[in-house]
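Chemist: Shown below is the structure under consideration.
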Amino acid sequence: MKVKRLLAGIVTAALGLSMTGLISASADIKSGNNNYTIEDIRNLQDFLLKKEARNLSNENYDLDGDGVWSAFDLALMRKEYVQNQSSVKTLVVYYSLVLPDGTDASASASRVIVDGEPYGTTEYMAKVIQEETGSDLFEIQTVQEYPTEYRDVTNQASQEKESGFRPELATHIDNINQYDTIFVGYPNWWGDMPMALYSFFDEYDLSGKTIIPFNSHGGSGFSQTVQSIAQLEPNAEVSAEGLGLSRGIVSTSRDTIAEWIANLGYHKEPEETEKNLVAYYSASGTTERIADYIAEEMNADVFVITPVNEYTDADLNWTDSNSRVVQEHNNPDTRHVELVQTIPDNFDSYDNVFIGYPIWWQEAAWVVDDFVTENDFTGKNVIPFCTSMSSPLGESGTKLAAMAGTGNWLEGIRFTSRSSESDVKEWARGLDLTKQTIANKTLIAYLSYPLPDGTDANTSASRVIVDGEIYGSVEYMAKVIQENTGADMFEIQPAVSYGDDFNTVADRALNEQENNVLPDLLNHIENLNQYDTIFVGYPVWWYDMPQMMYSFFDEYDFGGKTIIPFNSHGGSGFSGSVQEIAELEPNADVRTDGLTISRTVMASSENTIVNWLEKIGMKKAA
């Protein structure tokens with residue numbers, strides 16, 4: 005009780021509310037200076053729930069049953085409200101007939117251009133409502149298409165209205181019952197809704213639901229359409245607070261629509277936003293301009309990569325063989341550029357990092373090198389962008405990713421001095437920068453060398469048969485791991501086959517081991533940087549990993565990544581191979597709780613593998 009009273013006091017003090025004059029709404033409510041009055045409850049509900057409170061005079065909000073209306077009760081009210089809101093599904097239904105450009109002077113009334121994109125007027129309103137509410141979206145379409153000439157459309161619409169004709173609909177809502185609130189949008193035709201809307205209301209029973217109308221018009225507003233909807237759906241709650249917009253202002257109506265949604269109480273709670281950074285070096289100002297557009301669109305912070313010894317115009321004169329930039333290009337050892345600040349403030353807090361640079365001799369300006377190598381991009385999306393007169397992005401982004409060694413590097417883009425603000429922002433908007441993109445992506449890399457059946461009695465050690473399917477023993481382990489983690493799969497293969505005879509394979513393997521031969525590999529991982537965790541599987545040959553595994557670790561830098569070993573064996577377990585991997589990849593986290601399974605029990609090892617994955621926290625949720 006002390007905790008509850010303390011909370012009540014804190015909330016009361018914060019809001020400056022009087023706690024005197026308790027009004028009893030129930031015989032169970034106790035009086036006292038630390039209790040809330042009905043008016044206090046009403047005011048606090050307005051504050052906490054961010055919506056107009058109902059008449060509470062006959063309600064008991066002692067939700068925890070302690071005999072007083074306390075701050076704890078208000079917390080329960082808030083929890084209940086949020087839970088109820090999260091269960092409410094909303095749908096935006098709209099009809100928007102857009103006539104082709106140039107068909108008729110009057111046709112422009114059906115279209116609106118926003119950020120270079122054409123929309124139907126009602127379609128654009130629906131789009132904004134959907135974005136502001138997080139609703140599902142459904143477009144009403146008719147089986148019989150309307151004419152493409154404005155006058156023909158209006159004549160047909162007039163005839164349909166006069167005759168009461170209901171056009172057949174081509175689209176249908178799969179499960180209308182899942183929605184509690186339905187926004188319904190339409191243009192105003194001849195002082196009424198298009199008859200397609202009448203077909204819509206004929207098809208669906210919206211009893212018990214809330215209908216919120218919106219429309220675009222040429223000056224007539226809603227006319228009597230809201231009353232018509234109420235008559236067509238007598239058991240629904242048809243809101244009188246719909247939004248009608250003149251077609252002439254629809255293109256600039258986003259703020260108006262957003263304010264209307266907020267006043268209705270349907271504005272979706274903002275999700276946890278990701279934090280973005282735009283880091284760039286600009287020699288001529290072009291990259292700076294592009295960076296500013298990206299930062300504005302992505303609500304990003306900006307970090308200017310600045311050399312201690314800044315480049316002058318003369319330094320940047322690539323036509324002068326004696327200029328600084330030409331000398332640095334010709335002598336790579338002189339390219340190191342010290343920066344005023346290498347690591348941005350609070351760099352760990354950013355989810356997405358854009359890196360911008362000009363192209364110098366078909367590669368990223370080396371001014372950005374220290375920024376890339378000195379920052380840890382683990383857990384971040386990294387998006388390169390470049391500027392140039394004619395040179396493409398090329399491999400500049402890939403090379404920077406290799407230099408960094410960390411981060412999920414996405415495909416970059418090239419801009420020119422002619423790239424417009426709308427072009428840049430459209431590209432930025434189209435990027436998939438969800439947290440799922442950077443969420444601990446996993447790879448299974450495995451070596452499995454099963455020999456054909458019948459070649460030698462000893463070859464059975466390399467194979468396992470499960471449910472009638474033949475696998476290499478390590479291959480089977482990789483398969484089960486993949487099924488239970490959802491990881492990507494990569495098979496390590498030799499460039500030159502070891503043959504299909506047991507003794508030949510064994511002899512070659514021993515020769516390679518004794519002479520420390522690193523055989524060439526046939527295939528290669530395209531983008532290792534996207535993976536945070538790597539399962540590495542292999543058999544034991546001559547009490548060690550096959551030399552192909554040494555080739556594998558020699559090819560890739562696993563710095564900052566987690567390596568989880570697994571293997572199959574004939575009795576020797578890991579044989580010190582885990583320690584070998586740790587020495588080969590000193591900057592990786594090589595786990596010592598890997599899994600080693602004897603080949604003799606491999607066929608019945610699925611549960612063992614699954615239990616191991618659960619134990620190490622790598623099994624995906626069912």
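For the sequence shown, this note's numbering gives the first residue as 5, with consecutive numbering after it.
Where is the CB? At the ideal position from N, CA and C, for every residue including glycine.
Just so it is clear, the structure is predicted and the values come from calculations on it, not from any experiment.
In the DSSP assignment, find the unbroken beta strand (DSSP E) run with Asp305 in it and report its ends.
Modeler: Looking at the DSSP string, the run of the beta strand (DSSP E) that includes Asp305 is Asp305 to Val308.
Chemist: For His528, which residues from the same chain have a beta carbon less than 8 Å from its beta carbon, with the 5 sequence-adjacent residues on both sides left out?
Modeler: Closer than 8 Å at Cβ, skipping near neighbours: Glu559.
Chemist: Do Leu451 and Met553 have their CB atoms nearer than 8 Å?
Modeler: Against a cut-off of 8 Å, the Cβ pair of Met553 and Leu451 comes out as a contact.
Chemist: If we ignore side chains and look at the alpha-carbon of each, how far apart do Glu263 and Leu173 end up?
Modeler: Their Cα atoms are separated by approximately 32 Å.
Chemist: Give the DSSP-derived three-state secondary structure of Thr214 in the structure shown.
Modeler: It is a strand residue.
Chemist: Given Gly120, which residues of its chain have a CB within under 6 Å of its CB, disregarding the five upstream and five downstream residues?
Modeler: Ser426.
Chemist: Among the candidates Glu584, Gln163 and His573, whose CA atom is the shortest distance from the CA of Ile567?
Modeler: Selected option, being the one with the closest Cα: Glu584.
Chemist: Suppose the cutoff is 6 Å on Cβ atoms and the five residues either side in sequence are ignored; what does the same chain contact list for Glu405 look like?
Modeler: The sequence shown places Ala at residue 405, rather than the Glu named in the question. Closer than 6 Å at Cβ, skipping near neighbours: Trp413 and Asn533.
Chemist: Between the region 316-327 and the region 336-350, do three or more beta carbon pairs fall short of 8 Å?
Modeler: With the cut-off at 8 Å, the region 316-327 and the region 336-350 do not touch.
Chemist: Just to confirm the assignment: which complete beta strand (DSSP E) runs, minimum length 3, are found wholly within the region 553-582?
Modeler: Runs found: 566-573.
Chemist: Is it the case that the Cβ atoms of Ala449 and Ser400 are separated by a distance below 8 Å?
Modeler: No, the pair does not count as a contact, with Cβ atoms beyond the cut-off.
Chemist: Just list the residues that DSSP pairs Arg467 with in beta bridges.
Modeler: Per DSSP, Gly476.
Chemist: What is the C-beta distance between Ile359 and Val372, in whole angstroms, given that I count them as a contact (C-beta under 8 Å)?
Modeler: At roughly 6 Å, the Cβ-Cβ gap stays under 8 Å, so Ile359 and Val372 are in contact.
Chemist: To which residues of the same chain is Ala432 closer than 7 Å at the C-beta, ignoring the five residues directly before and after it?
Modeler: Same-chain partners within the cutoff: Ile298, Glu301 and Met302.
Chemist: Can you find the residues in the same chain that come closer than 7 Å, C-beta to C-beta, to Arg170, ignoring five residues on each side of it along the sequence?
Modeler: Within the same chain, Arg170 has close Cβ partners Met199, Tyr202, Ser203 and Asp206.
Chemist: Tell me the residue span of the alpha helix (DSSP H) that contains Asp427.
Modeler: Taken as a continuous stretch (DSSP letters only), the alpha helix (DSSP H) holding Asp427 covers Glu425 to Arg433.
Chemist: What is the DSSP secondary structure of Gly252, counted as helix, strand or coil?
Modeler: Residue state, collapsed to three classes: helix.
Chemist: Start and end of the beta strand (DSSP E) containing Arg595?
Modeler: Here Arg595 belongs to no beta strand (DSSP E), and DSSP marks it neither H nor E.
Chemist: Grab me the residues of Pro191's own chain with a C-beta within less than 6 Å of its C-beta, minus the 5 sequence neighbours each way, in chain order.
Modeler: Answer for Pro191: Thr126 and Ser220, listed in chain order.
Chemist: So which of Val132, Asp504 and Ser572 has the shortest CA-CA distance to Tyr270?
Modeler: Residue Val132 is the option with its Cα nearest to Tyr270.
Chemist: Can you name the residues that DSSP bridges to Glu166?
Modeler: Paired residue(s): none; Glu166 is not in a bridge.
Chemist: Shorter than 8 Å from the beta carbon of Ala592 to some beta carbon of chain C?
Modeler: Checking the listed chains, one finds no chain C in this structure; it contains a single protein chain.
Chemist: Where does the unbroken alpha helix (DSSP H) through Trp264 begin, and where does it stop?
Modeler: Trp264 -> alpha helix (DSSP H) spans Arg258 to Leu268.
Chemist: Name the DSSP bridge partner or partners of Tyr190?
Modeler: Its beta-bridge partners are Asn219.
Chemist: Just the Cα atoms here: how many angstroms apart are Phe142 and Arg328?
Modeler: Taking the straight line joining both Cα atoms gives about 60 Å.
Chemist: Could you tell me how far apart the beta carbons of Pro447 and Tyr542 are, in whole angstroms, since I believe they sit closer than 8 Å?
Modeler: It is worth fixing the name first, because residue 447 is Leu in this sequence and not Pro. So it is not a contact: roughly 15 Å between Cβ atoms.
Chemist: Ordered along the chain, which non-local residues of its own chain (more than five positions away) have a Cβ less than 6 Å from that of Ser581?
Modeler: Same-chain partners within the cutoff: Met549.
Chemist: Give every residue of the same chain whose Cβ lies closer than 6 Å to the Cβ of Ser257, excluding the five residues on either side of it in the sequence, and list them in chain order.
Modeler: Correct list, in chain order: Leu249.
Chemist: Which value, in whole angstroms, describes the spacing of the CA atoms of Gly223 and Gly246?
Modeler: Approximately 16 Å, taken between the alpha carbons.
Chemist: Check this for me: beta carbons of Gln497 and Leu525, under 8 Å apart or not?
Modeler: Yes; because the gap between Cβ atoms is below 8 Å, this pair is in contact.
Chemist: Between Ser325 and Lys279, which are expected to be in contact by the criterion C-beta below 8 Å, what is the C-beta distance as a whole number of angstroms?
Modeler: Rounded, the Cβ-Cβ distance is 44 Å, inconsistent with contact.
Chemist: Count the other CB atoms within 10 Å of the CB of Leu514; is the residue buried (16 or more) or exposed (fewer)?
Modeler: Leu514 should be labelled exposed.
Chemist: In the DSSP assignment, what residue or residues form a beta bridge with Asn412?
Modeler: Asn412 is bridged to Asn385.
Chemist: Just the C-alpha distance for Tyr183 and Glu241, rounded to the nearest angstrom, thanks.
Modeler: So the two alpha carbons sit approximately 13 Å from each other.
Chemist: Nearest to Asn627 by alpha carbon, out of Leu397, Asn611 and Thr214?
Modeler: Nothing about residue 627 can be reported from this structure: the residues present for the chain run from 5 to 626 only.
Chemist: What span of residues does the beta strand (DSSP E) with Trp364 cover, start to end?
Modeler: First-last of the beta strand (DSSP E) with Trp364: Asn356 to Trp364.
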